[in-house]
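This report concerns only the one structure given below.
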Amino acid sequence: MALKILRLIGVLDCVGVKKTTLYRWIREGKFPAPVQLGARSVGWRATDVQQWVESRQSTRGQA
Numbered sequence: 002m003a004l005k006i007l008r009l010i011g012v013l014d015c016v017g018v019k020k021t022t023l024y025r026w027i028r029e030g031k032f033p034a035p036v037q038l039g040a041r042s043v044g045w046r047a048t049d050v051q052q053w054v055e056s057r058q059s060t061r062g063q064a
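For the sequence shown, my numbering begins at 2 and goes up steadily by one.
Next comes the structure, spelled out in structure tokens:
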């Protein structure tokens, strides 16, 4: 199975927040860090983002 990488726009669509919120969550350790794709480009493993979304859904009912 090929590793799927999401770029910033795809992650923002999936998570439903603004770019500043996403990067704040990364700094705070609340969201997976991106992987370096090139000198000036990053992406996120689709599996990491999906697991994060699922973990948020599972803790949502516990609050």
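Positions of the beta carbon are idealized from the N, C-alpha and C atoms, including for glycine.
Asked, Found
"Kindly indicate the opening and closing residues of the alpha helix (DSSP H) around Gly39.", "Note, Gly39: premise wrong, no alpha helix (DSSP H); not H, not E."
"Looking at C-alpha atoms only, which residue of Val54, Thr60, Lys31 and Ala47 is the closest neighbour of Ala3?", "Ala47"
"Smallest Cα separation from Pro33: which of Val54, Ser59 and Ser42?", "Val54"
"Is it the case that the Cβ atoms of Val43 and Val36 are separated by a distance below 9 Å?", "yes"
"Below 8 Å on the Cβ atoms is my guess for Val12 versus Trp45; work out the distance and round it to an integer in Å.", "5 Å"
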